[in-house]
Each structure stands twice: as C-alpha cells, then as structure tokens.
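Participant:
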Amino acid sequence: MVAQNVFFYLLAGIILFSAFRVVTSNNVVHAALYLVAVLAAVAAEYVLLAAEFVAATQVLVYIGAIIVLFLFGIMLTRAKLGSDQDLTHPHWALSAATAVVMFGVMGYALVDQFHWTATPLPADTRLVSVDGSNSATVSDSVFTAYLVPFEVVSVLLLAALVGAIVLARKD
Amino acid sequence: MFALDPLFSGTFDGAVFLIVLAKVVIAFALLLVSVLFMIWFERKLHADMSNRLGPNRAGPFGILQTLADGIKFFFKEDLLPDRADKRIFILAPFLSLVPAFLVFSVIPLGGVFTAEKQGIVTVFGRETYVQLADPPIGVLLILACSSIAVYGVMLAGWSSGSKYPLLGSVRATAQMVSYEAALGLSVIAVVMLAGSLSTHDMVMVQAGEGFGGILPRWNLIATGVVPFVIFVIAGTAELNRPPFDLVEAEQELVGGFHTEYSSIRFALFFLAEFMNTVTMSAIIVTLFLGGPAGPTFFGPALMWGPIWFASKLFLFLFMFVWLRATLPRFRYDQLMDLGWKVLIPISLGWMLLLASLNVAGDAGWNTFVVAGAAVLIGLVAYLMLAGAIATSARRREQAELEGSIR
Amino acid sequence: MSDFLRDYLTVGIFGLTGVALVGLLLGLGSLLRPTRPQPQKYINYESGVDPVGTGWGQSNVRYYIFALLFVMFDVEAVFIFPFATRVDAYGWFGLIEMGIFIVVLALGLLYAWKKKVLRWV
C-alpha cells in the first residue's frame, strides 16, 4: 500500500502543477499540452484505483481525440500561435475566486458523502470483475442501470456534429 | 475463464524481480534488433524490387549499413531553428518514439498455447507468460499508444515554426485520427471472438485445431477476412507509410513534419517510423494470425512459439516493403474518402453482422438464414443509400444546368 | 502493491526504458556532434529562399470537422469495446440497444456525407 500512496502523491503533484500552468501559461498551445499532462496523470490515478478501463478511455477519448480537437480549434482561429502576453483576462481574480468556491463546494460534497472513510482497494481485480477484466463490469452497468444515458450519449454526439457542420458550412 | 499473468499472483520475491528485469531487457533488445534489421531489409528489398543494388558496402550484403548511418547521425550538427518553440521541439521525438516502444510490451512472443499449458512457461520455478505484461485491456493500450503517437507528429510540425512542417503535420494528424477510428472499429470483431481485451487471450482463442482440420483457427478466417483487410489498410495509413505517406510527400512538403529536424533528432523520428512498422506487424500477427501459436514438430515445443511469431512477423514486414515498392501515393481526397466512406461504414456493418451471427448462434438459429437475412438487409440499405445519393446528384446537376441557362 | 498493479508497473518500466533510450541517444549526440553556429543555419527551410511570413498559419475548418467526427467514433468505439467482450451475455437485447446506438451515430456520418463535408476539394 505504501508504494501506491507514494505514486498517488507524485501524480497528484503533477496534476496540481500542470493544472496551474494551464491557466497561467502565455501560450495557448502550451496550455493545451499542460491539459494533456493533467489528463494523463488522472489516467494514471485511475490505474492506481484498479479502474484500468476508465484509464484507457481517458487516454483514448480525452487525450487522443478531444485535445486534438482543441488543437485543431486553436489552429483554426486567427490567434497568434506563439506566446501572447494579453492572454490573461482582466477579471482573472474574480474567476479565481469562483474556482476556489467551486472547489470548496465539490470538496464539501465529497467529504459529506464519504465521511473520510477509506474504501480498501481490492487486492486482486479478478475478485471484483467478470471474466478477469473490469471492462465486462463496466459493460454490465452500461447495459442495466445506465442504458438510457448510454443511448442519449449517441444523440448528444450527433447534435454536436450537426451543429459543427451547420456552423462550418457557409450555405 | 481467463487469468492474469500468473507471475504476479504469488509472493513477490527476487525471482519475480529478476524475471521482470530479464523480460524488459529481452524485449528491448529484440525490438531494437528487429528495427535495425527492418531498416536494412526495407532498403535492400526495395532496391531488389526496383532493380537496384541497394546497400552493399558496409559488411556482407550491406547489413551494417544501418549501423553506419546511425553513427553518422551522431556526428552531424544539430540545428534548432530560431523560430522553433524550443521545449516542444525537443519533446516531440520522445512522444513519437516512446508510444511505439510501449506497444511492444503487450505482444506475446512465445509460449506453448495448448489447453493444459495456456501459454505459460516456468522460469526459476515461477510460472509466467512469454510477453512483457498482460494487462486485461491490452488492446486498448495499443490503441491508446497510437493515439499518443499522433502528438509526436503534430507537435513536431507545429513547434518547427515553419510552413512545410506545419502543413505536413496538420495533414498527418487528420489522416491519423481518421484511420484510427477505422482501426479501432475493425479490432472490435476480434474482441468479440476472444471475449476479452487481453492480447494473451487473443492468442489463446486462436490456438489449437482449426477449421476442417486444415485451416488454422486464426481470427483472420474466423472474422471473415474483412476486419483483417480493414485493419491492415488502416494500420498502413496510421504508420504514414506508402501509399499513405502524404505526410512527407517529398514533392510538395520537403520532409513533412520533420523538415526542420537534423542530426540525431531526425534519426529518432526515422527510428520511430520503423519501430512503428515492426510493432504494427506484430499487432496484426497477434490479433489476426494467432501470434506465436502454431503446430509443433520436432524438438522442444517451446522453441516453436518464437519461430512461428518471427516467421509471421517477417511476412508482414515483407508486405509493407512490397506495398511501398509497388503502389503510388494516394491523393488527399481519395485518402479521406477511403477512410470515412469505405472503411468505417464497412467495419461498422461487419461488426453488427458478426454480433448478430454470434447472438443467433447462441439462440440456436440457423447461421445461414441469419447471414442471408443480414446480407439482404445490408444490400437493401446500401441500394437505398446509393439511390438517394444518385438522385440528389442528378437533382443538383439539373439545378446547376437550369441555373447556367438563366 | 496489488498483483494487478505490478502488470502496469512492468509496462511503466518498459516505457521508462524507452524514455531513457531517447535521452541516451540525445545525450550521446550532444557530446559527439560539432557546433559551429552561423545565423544563417537557424533560418527555417523554405526551398532555399528567405522565409516569407510567420510560419504559423491558419488551418482549414475541414480538419476541425474531421476531428469532431473522430471524437464521435472514438466514443462509440469505447462503448462498443466492453460490449464486445459480453455479446453472448446480453443476447438480442444487447444487440438491439447497440444497434440503435450505432445507427444514431451512423446518421451523423451520413449527414456529414450528404452535406459534402467529407469531400475534400
């Protein structure tokens, strides 16, 4: 368990530092890359929690697709791609305060829900999974409890695509 | 049903540590040697196919040419362009090479895949698989690595601060993400057969007595060839190899995303390209051709796993060189058409067909009836779609004609 | 540390070996190679003439659409993968649900196709 804790704090440090750099970086592309670092470290935390399927999804979807989309979006605009001194919003202090309040609310909700109880990790994922992998467990919950959200996801993605195409086409 | 690598299920002691260390060293050495071999092999074979001599000075048959070139790269001046974004410029080769490296860790390299042995070998009194690691989501790890590799190309082009690399990298990124979708969807057919995402299980289901006792039980045949063809095409595009090498179309883009790279930094991209070719071949062999599984003849059974793996791997390395020597480069619009209008719809349709056959088989329905019905539905859907497209094209032409008269 | 994590630790060690290899090659290169700086050497390559403009360009909106399509199909694949490992367990119910999911997303591809954004001119 000790090694896991060491890795946890190491990754948490990376996440905090990178997240800070995402908002303070002067270069939009650098900010996007720091966001990649945050997401990658979160994926590694998922692996530590024995949620390997979620970790793989995080890398595939967030790093592999969504940040690539961000980067194309950045390159699409006329924004200067080097560093940019006036990237910081004039009301940044207000947003920082909002972020702190949000963090407080979410932290309170978490603590209130779990009351600092530590849930032990399963020593062996085979104990909590079907057929030796937890992707099957994920699948089982998608096809029972979360069936409706699952189908709604497809409609959401369709709407996003149609919206983008309507905006992108001139006629 | 299936288990994780038994190496880690016991106590963790010195023997386990030694085995892990040995595996890392062996996998590392094997990968590097095969990459060096592949670079020489490609140059030599391509030369033969185009009636040239190819490398023939350094060592017998020029086999040391790669080494000589590698040494030369070390002695070349390294230029970082003034306009480059220095940190990302330096980071990009890492992002290109390390994912190519990581993929190799989930490839099964040997072992005896019989019902009682399950691909397990005993070393130092400990049981283990002949592959570096067998995470239960091995296939997703491969796909995740290929999605990280996109960043290497994209950032190399972007950080150079130059026009050709930027154009090359934007093209490359769009190409790689397009074909990654097809790649992922074609793998699903294989996952469905294995009922697992682990690469070891993939090999396990392909081992043993085949169809009619003659054909091997490879996924290539069991999934009906189509996913295999899609995977190979998408894989070639993912590697940016000819005929999909628009990324570095020399006539238009100089060197593509690595135009501004020189010295050993360029060599790293070069190495990554060939390493990706080797690992992609290894992935194809694992997913569709049964990896190291195969019949054993004489001598120790353990010997045959690596032999089968190496010969299947060689087949695909040959194929990649052959494609390069034979096919002309695609045009960009043809490339995108092939990816989005052919490969993705077909792989989705084929996946649904296989899933219905699977479910129908379990329900006790007649396979041929279900397959016939599915093909009929697919045909009707295709005809309706083709009809709709043809009608709209005709109407548009009509409208354009009328417009031009006025 | 659980058994399961050791598998990933092995992958991690292998990845670090890769990073070390790249670092070693770069380090060795920096020791061996000559450095004779001249300002002309650090100008971008533009077919031999002095570079024009900034080098960072605005990219086409088509690329964005393709990336968005990829997001769609990536999310789709992520849902299909766990389903594929359990096809037998769900039977017709799972197949129909998955069929609806895929058809809805295929409509997106069809829409893009019909709106000609897949055509590269």
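Chains as they are written, first to last, in this note's numbering: chain A, 5 to 175; chain B, 22 to 427; chain C, 12 to 132. Ideal Cβ positions, reconstructed from N, Cα and C, are used throughout, including at glycine.
(1) Using only CA atoms, which one of C/113, C/18, C/74 lies nearest to residue 131 of chain C?
(2) For residue 299 of chain B, which residues in the same chain have their Cβ closer than 6 angstroms to its Cβ, ignoring the five residues on either side in sequence?
(3) Can you find a C-beta in chain A that's less than 7 angstroms from the C-beta of residue 215 of chain B?
(4) Run through the DSSP bridge pairs and tell me what residue 96 of chain C is partnered with.
(5) Residues in the same chain with beta-carbon distance under 8 angstroms from residue 22 of chain A, minus the five sequence neighbours each way, listed in chain order, please.
(6) Residues in the same chain with beta-carbon distance under 8 angstroms from residue 178 of chain A, minus the five sequence neighbours each way, listed in chain order, please.
(7) Do you know how far the Cα of residue 126 of chain B is from the Cα of residue 18 of chain B?
(8) Mind checking the stretch 81 to 94 of chain B against chain A and listing, in chain order, the residues whose C-beta falls within less than 9 angstroms of any C-beta there?
(9) For the stretch 88 to 100 of chain C, enumerate the residues whose C-beta is nearer than 8 angstroms to any C-beta of chain B, in chain order.
(10) What does a CB cutoff of less than 6 angstroms around residue 288 of chain B pick up in its chain, not counting 5 residues either side in sequence?
(11) Given a threshold of 16 other Cβ atoms within 10 Å of its Cβ, counted over all protein chains shown, does residue 107 of chain B qualify as buried or as exposed?
(12) Closer than 7 angstroms, Cβ to Cβ, to anything on chain A: give me those residues from the stretch 349 to 361 of chain B, in chain order.
(13) Quick check on DSSP: helix, strand or coil for residue 8 of chain C?
(14) Hey, quick one: how far does the alpha helix (DSSP H) through residue 25 of chain A stretch, first residue to last?
(15) I'd like to confirm the pairing. Which residues does DSSP put opposite residue 61 of chain A in its beta bridges?
(16) For a contact meaning CB atoms closer than 9 angstroms, what does residue 155 of chain A contact in chain D?
(17) Tell me which residue opens and which closes the alpha helix (DSSP H) that residue 158 of chain B is part of.
(18) What is the rounded straight-line gap between the Cα of residue 133 of chain A and the Cα of residue 139 of chain B?
(19) Mapping DSSP to helix, strand and coil, what is residue 192 of chain B?
(20) For a test of the three-state rule: what should DSSP assign to residue 141 of chain B, helix, strand or coil?
(21) What does the Cβ neighbour count give for residue 239 of chain B, buried or exposed, with the cut at 16 atoms within 10 Å?
(22) Indicate the three-state DSSP secondary structure (helix, strand or coil) for residue 98 of chain B in the structure shown.
(23) Restricting to runs no shorter than 4 residues, where is the alpha helix (DSSP H) found entirely within the stretch 342 to 372 of chain B?
(24) Quick check: the Cα distance between residue 173 of chain B and residue 51 of chain A, rounded to an integer number of angstroms?
(25) Would a check of beta-carbon distances place residue 413 of chain B closer than 7 angstroms to chain A?
(26) Tell me which residues share the same chain as residue 20 of chain A and place their Cβ nearer than 6 angstroms to its Cβ, disregarding the 5 neighbours each side in the sequence.
(27) Run the CB neighbour count on residue 419 of chain B, radius 10 Å, all protein chains shown included, and call it buried at 16 or more, exposed below.
(28) Between the Cα of residue 248 of chain B and the Cα atoms of B/266, B/208, B/227, B/224, which residue gives the shortest distance?
(29) What are the residues of the stretch 42 to 59 of chain A that lie near chain B, defined by any Cβ-Cβ distance shorter than 7 angstroms?
(30) Rounded to whole angstroms, what's the CA-CA distance from residue 41 of chain B to residue 152 of chain A? Just pull it up for me.
(31) Please list, in chain order, the chain A residues whose beta carbon lies closer than 8 angstroms to that of residue 372 of chain B.
(32) Run down chain A in chain order and give the residues with a C-beta less than 7 angstroms from the C-beta of residue 50 of chain B.
(33) Enumerate, from N- to C-terminal direction, the unbroken beta strand (DSSP E) stretches of 3 or more residues contained entirely within the stretch 218 to 302 of chain B.
(34) Would residue 76 of chain C count as contacting chain B if we go by Cβ distances under 7 angstroms?
(35) Does any residue of chain C have a CB that is nearer than 7 angstroms to the CB of residue 12 of chain A?
(36) For the stretch 139 to 172 of chain A, enumerate the residues whose C-beta is nearer than 8 angstroms to any C-beta of chain C, in chain order.
Facilitator: Considering the structure as presented:
(1) Taking each of C/113, C/18, C/74 in turn and checking the Cα distance to residue 131 of chain C, the smallest one comes out for C/74.
(2) Cβ within range, chain order: 55, 56, 59.
(3) Using a Cβ-Cβ cut-off of 7 angstroms, residue 215 of chain B does not count as an interface residue toward chain A, since no Cβ of chain A sits closer than that to its own.
(4) None, per the DSSP bridge assignment.
(5) For residue 22 of chain A, where only same-chain residues beyond five positions count, the Cβ hits under 8 angstroms are 38, 39, 41, 42, 45.
(6) Only positions 5 to 175 of chain A appear in this structure, which leaves residue 178 of chain A out of reach.
(7) In the structure as shown, chain B begins at 22 and stops at 427. Residue 18 of chain B is therefore absent and cannot be evaluated.
(8) Within the stretch 81 to 94 of chain B, no residue qualifies.
(9) Residues 88, 91, 92, 95, 96, 97, 98, 99.
(10) So the list reads 94, once near-sequence residues are dropped.
(11) By the neighbour-count rule (16 or more Cβ atoms within 10 Å), residue 107 of chain B is not buried but exposed.
(12) Within the stretch 349 to 361 of chain B, no residue has its Cβ closer than 7 angstroms to any Cβ of chain A.
(13) In the structure as shown, chain C starts at 12 and stops at 132, and residue 8 of chain C therefore has no counterpart that could be examined.
(14) Per DSSP, residue 25 of chain A belongs to the alpha helix (DSSP H) from 6 to 28.
(15) Bridge partners of residue 61 of chain A: none, in fact.
(16) Looking at the structure shown, chain D is missing, and the protein chains on hand are A, B and C.
(17) Run containing residue 158 of chain B: none; DSSP gives neither H nor E here.
(18) Note that residue 133 of chain A has pLDDT 47, beneath the 50 cutoff, so the model's placement of it is unreliable and no number is given.
(19) When secondary structure is reduced to three states using DSSP, residue 192 of chain B falls in the helix class.
(20) The three-state secondary structure of residue 141 of chain B, taken from DSSP, is strand.
(21) Classification of residue 239 of chain B: buried, given that the 10 Å Cβ count is 16 or more.
(22) Three-state result, residue 98 of chain B: coil.
(23) Complete alpha helix (DSSP H) runs here, min 4: 353 to 358.
(24) Straight-line spacing of the CA atoms in residue 173 of chain B and residue 51 of chain A works out to 24 angstroms.
(25) Output row for residue 413 of chain B: interface = no.
(26) A distance below 6 angstroms between beta-carbons, with the five flanking residues on each side excluded, links residue 20 of chain A to no residue of its chain.
(27) So residue 419 of chain B ends up on the exposed side.
(28) Of B/266, B/208, B/227, B/224, the smallest CA-CA separation from residue 248 of chain B is found for B/208.
(29) Only those residues of the stretch 42 to 59 of chain A whose C-beta falls short of 7 angstroms from the nearest C-beta of chain B are listed: 56, 57.
(30) Cα to Cα, the separation comes out at about 44 angstroms.
(31) What residue 372 of chain B touches in chain A, judged by beta-carbon distance under 8 angstroms, is nothing: the nearest beta carbon there is about 15 angstroms away.
(32) Contact of residue 50 of chain B with chain A by beta-carbon distance below 7 angstroms is absent, the smallest such distance being about 27 angstroms.
(33) If we require 3 residues or more, the stretch 218 to 302 of chain B turns out to have no beta strand (DSSP E) run fully inside it.
(34) For residue 76 of chain C, not one C-beta of chain B is nearer than 7 angstroms to its own C-beta.
(35) Chain C contact via Cβ: absent.
(36) Cβ contacts with chain C come from 139, 140, 142, 143, 144, 146, 147, 151, 154, 155, 157, 158, 159, 161, 162, 164, 165, 166, 168, 169, 172.
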